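In what follows, a structure is listed as structure tokens, so that the remarks can point back to it.
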Amino acid sequence: MKPEKFYSIRKKLKLTQAEIAEDLGLTERTIRHYEAGDREISLSIEKLLRYVAKERGFDIISDEI
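Reading the sequence shown from the start, the letters are residues 1090 to 1154 in my numbering.
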């Protein structure tokens, strides 16, 4: 997943970096690194993000990621 897509999904979910970090079991610092492109976003984090989005009523389709 590209950093821009991660950011876009977080914004669509109306979550702060701290909130998405908590939902994903990560630190806010890690989220900042993901969104800046300093760290690669793993497949497991993509799957967790899909789960979090679905739980919040937002279905992420494969083309979006």
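Beta carbons are placed, not taken as given, at the ideal position from N, Cα and C, and that holds for glycine.
Note that the coordinates shown come from a computational prediction; the quantities given were computed from them, not determined experimentally.
- In the structure shown, Leu1102 falls within a coil segment according to DSSP collapsed to helix, strand and coil.
- Looking at Ser1131, Tyr1140, Val1141 and Leu1102, the one whose alpha-carbon comes closest to that of Lys1091 is Ser1131.
- For Glu1129, no alpha helix (DSSP H) run applies, since DSSP gives it neither H nor E.
- For the pair Gly1114 and Lys1100, the Cα-to-Cα distance works out to about 18 Å.
- Its chain contains Gln1106 as the residues whose beta carbon lies nearer than 7 Å to that of Arg1121, once the 5 sequence neighbours on both sides are disregarded; these appear in chain order.
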